[in-house]
Each structure stands twice: as C-alpha cells, then as structure tokens.
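For reference, the structure is listed below as structure tokens.
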Amino acid sequence: MFIRVEMAPEAAGDKDLAKKLAEVCPVNIFGVAPDGSAVVIAENVDECVLCELCVQAAPPGGVRVHKLYSGEVLKR
Ligand code: SF4
Numbered sequence: 526m527f528i529r530v531e532m533a534p535e536a537a538g539d540k541d542l543a544k545k546l547a548e549v550c551p552v553n554i555f556g557v558a559p560d561g562s563a564v565v566i567a568e569n570v571d572e573c574v575l576c577e578l579c580v581q582a583a584p585p586g587g588v589r590v591h592k593l594y595s596g597e598v599l600k601r
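For what it's worth, the numbering used here labels the leading residue of the sequence shown as 526, then goes sequentially.
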C-alpha cells in the first residue's frame, strides 16, 4: 500500500459528492454504496495517479490523499 485515501465523514455521506467522486476519479477509487454514500474501493487505491481531481471536487478537508512513501498529503 503506497496510497491512503481518506474522506471526512460529512463528505462521505454527501450523496451528490459521492456521485461526483465516482465520476471524476480516472481509476475508480470511489464507489457509491447502496445508501448513496461514498466509499473508497481499497483494491484500487494503489492505482491512484495523484491527479487531485477528488481533492478539488470535494469541499476543503473533504478528501485527503496520503502518499505513504513520502508522508506528503494532497488536500485542500
Ligand atoms: S488523486 Fe486522482 S486518481 Fe487519486 S483518488 Fe483522487 S481522483 Fe482518483
């Protein structure tokens, strides 16, 4: 595991944002759960291309992408 993607609970529970995240991530790291909330698809996480589209799509603090190999965090 080189990457960890974290969502704030209020971001994960936002159904419109869940759809948007599933749409913007080019490598399908976000899915929509049956209740409409956003989920991180663990087996896809290491495919992350660090494009920050998820970070920009979410409100500040909503999504953080941790580069576990360097300690750097993509966030806003
Ligand atoms: S940074 Fe890009 S590839 Fe990585 S999880 Fe976000 S949208 Fe997907």
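C-beta: ideal position from N, C-alpha, C; glycine also.
Source: prediction; values computed, not measured.
Approximately 10 Å separates the beta-carbon atoms of Val-552 and Leu-575; this is outside 8 Å, ruling out the contact. Across the set Glu-531, Gly-596, Ala-583 and Glu-597, the C-alpha of Ala-583 shows the shortest separation from the C-alpha of Asp-539. Selection around the ligand SF4 by beta-carbon proximity, strictly under 6 Å to any non-hydrogen atom, yields Val-530, Val-549, Cys-550, Pro-551, Val-552, Ile-554, Cys-573, Val-574, Leu-575, Cys-576, Glu-577, Leu-578, Cys-579 and Val-590 in chain order. Per DSSP, Glu-531 lies in no alpha helix (DSSP H); the unbroken beta strand (DSSP E) holding it starts and ends at 528–532.
When secondary structure is reduced to three states using DSSP, Val-557 falls in the strand class.
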